[in-house]
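Colleague:
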Amino acid sequence: MMVVRMLLGIRRFRLESGPKGTGSSMTTRSTPHSTEQKTRQFSFLGGDPSIDFVNTVDEMLGDSPIDQLESYGDLLDWSEQASLICTDIIASLQEAAQECERDSERVLRQARLFRSHLRDVLTSFVEDRPPEARDLKAITAYARKAAAHSRLDCCGDGFAWVLDEASGCELDWPIWELARAAVALLTSDSLNRLRRCANETCGWLFIDQSRNHSRRWCDMSSCGNRAKARRNYARQTAKRKTKQG
């Protein structure tokens, strides 16, 4: 396990919190092959990049979950906003994706599958039950691929695992980075503070970093306020029934 931590724990991730809205906002940006392309703005409330990736499904426990990752471009946008991949690598992946559309669709499917495995493992921890062996096996397989297709290099003012130009299938890079982040989380003490949003349909996960470890909501301004509104409505309804009775 110590070897795993040494291999997978090199990058320090910069996390940015943003409000969780009812829908993702969009901005535009230039790309190598088009003047403007819509960019989805994601929320980062989980306290860890691998948790934030799991949280790219809205209303996870509701009747109609909403997947925020509709394209490989969304996967790259998320990776960039999470500071998971350097900007120069993002640019090269954007260009490669436009040249290999079928491969980019394959990677998107794999990313969603990885997200499902990771969500099940994290959920099992929250629910205090053993994880499924197939989920751990899948995450391990992705982490091994990450180590095999990366090398340590300078990136900005620090160091990072970067694309190995001698390796093929570089479009898989976001998944490899996510696998490293996931293993780093799963082998850390932070996992003991993993919580799930108290909104019964939300399902978002987060690391409780509150002083007294009492955080209940992924975001008080959305799920917390909705719960408060429901309680107020229930109280008012009960009062009306009491008066009528």
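So for the sequence shown, our numbering puts the first residue at 1365; every next one is plus one.
In this text, a Cβ means the ideal position worked out from N, Cα and C, and glycines have one as well.
Predicted model, so just to flag it, every value in this text is computed and none were measured.
So if DSSP puts L1558 in a beta bridge, which residue, or which two residues, is it bridged to?
Modeller: Bridge partners of L1558: I1571.
Colleague: What first and last residue would you give for the beta strand (DSSP E) that runs through S1514?
Modeller: Where S1514 is concerned, the enclosing beta strand (DSSP E) stretches over 1514-1519.
Colleague: Work out the CA separation of A1546 and A1511 for me, nearest whole Å.
Modeller: Their Cα atoms are separated by approximately 13 Å.
Colleague: Using only the alpha-carbon positions, how far apart do R1493 and E1459 sit?
Modeller: Each residue's alpha carbon lies about 43 Å from the other.
Colleague: Can the beta-carbon of D1431 be found less than 8 Å from the beta-carbon of T1403?
Modeller: Their beta carbons are not under 8 Å apart, which means D1431 does not touch T1403 by this criterion.
Colleague: Under a three-way DSSP split, which group does A1524 fall into?
Modeller: Residue state, collapsed to three classes: strand.
Colleague: Indicate the three-state DSSP secondary structure (helix, strand or coil) for D1431 in the structure shown.
Modeller: In the structure shown, D1431 sits in a strand (DSSP, three-state: E or B).
Colleague: Give me the residue from N1419, L1472, S1488 with the minimum Cα distance to I1539.
Modeller: Selected option, being the one with the closest Cα: L1472.
Colleague: Would you kindly work out how many angstroms separate the C-alpha atoms of L1542 and A1475, rounded to a whole number?
Modeller: Approximately 9 Å, taken between the alpha carbons.
Colleague: Can you tell which of R1557, N1576, I1571 has its C-alpha closest to the C-alpha of N1419?
Modeller: Considering only alpha carbons, the answer is I1571.
Colleague: Output the boundary residues of the alpha helix (DSSP H) element that contains R1470.
Modeller: Its alpha helix (DSSP H) spans residues 1465-1490.
Colleague: Reducing DSSP to helix, strand and coil, say where D1536 ends up.
Modeller: Three-state result, D1536: helix.
Colleague: Buried or exposed: which applies to N1576, given that a residue is buried once 16 or more other Cβ atoms fall within 10 Å of its Cβ?
Modeller: Its Cβ having fewer than 16 others within 10 Å, N1576 is exposed.
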